[in-house]
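A short worksheet on the structure shown next.
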């Protein structure tokens, strides 16, 4: 997942490769607004960013999810001393990976939800990406009930 294809994946629940997006002339934004359509017609905006250093201290209460790559240095400069265990107590962590690739050792140790995609079974993408929203909703009910979602 990248800033090129995050809207396709999270808003439209379909995988489009970063290479395909580049070939289509897509540009890489530092921030993407996802409009999530929920049952009942409600649309909820989610802001996806790739540089958490730009967040003000008050913004962190609204951070609901992070996509984990694996290296612990990904969390350098984050609140909670950049400790992934403490971060994942407050922010729901996800890791998107190809099903045939091994799981990163750090990801295996942490409290991270794995979203496995198949290079050969594209018809399963939607179900996997809808699972992301289902799990995030449960996290938000439990931990972020004060947010409008």
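In this note's numbering, the protein residues as written are 3 to 151. Each residue gets a CB set at the ideal place from its N, CA and C atoms; glycine is no exception. On a predicted model such as this, the values are computed, not experimentally measured, just so you know.
Could you give the residue range of the alpha helix (DSSP H) that holds residue i?
i	result
residue 86	86 to 92
residue 11	8 to 12
residue 22	20 to 25
Let me check one thing: in DSSP terms, what residues is residue i bridge-paired to?
i	result
residue 50	34
residue 45	39
residue 1	Not covered by the structure: residue 1. The range shown for the chain is 3 to 151.
Starting from residue i, trace the beta strand (DSSP E) both ways and give me its first and last residue.
i	result
residue 68	67 to 69
Skipping 5 residues on each side, what residues in its chain have a beta carbon closer than 7 Å to that of residue i?
i	result
residue 39	45
Near residue i, which residues of its chain fall below 8 Å by C-beta distance, leaving aside the five closest residues on each side in sequence?
i	result
residue 93	65, 66, 67 and 68
residue 130	117, 118 and 119
Residue ranges of each alpha helix (DSSP H) run of no fewer than 4 residues wholly in the stretch 99 to 144, ordered along the chain?
The stretch 99 to 144 contains these whole alpha helix (DSSP H) runs: 107 to 111.
Three or more C-beta pairs under 8 Å: does that hold for the stretch 71 to 82 against the stretch 106 to 114?
Taking 8 Å as the limit for Cβ pairs, the verdict is that the stretch 106 to 114 does touch the stretch 71 to 82.
Pair every Cβ in the stretch 111 to 121 with every Cβ in the stretch 79 to 94, then say whether three or more of these pairs are closer than 8 Å.
As far as the Cβ criterion goes, the stretch 111 to 121 touches the stretch 79 to 94, which means the pair count is three or higher.
Pairing CB atoms from the stretch 9 to 23 with CB atoms from the stretch 123 to 143, are three or more of them under 8 Å?
The answer is yes - the stretch 123 to 143 touches the stretch 9 to 23, with three or more Cβ pairs under 8 Å.
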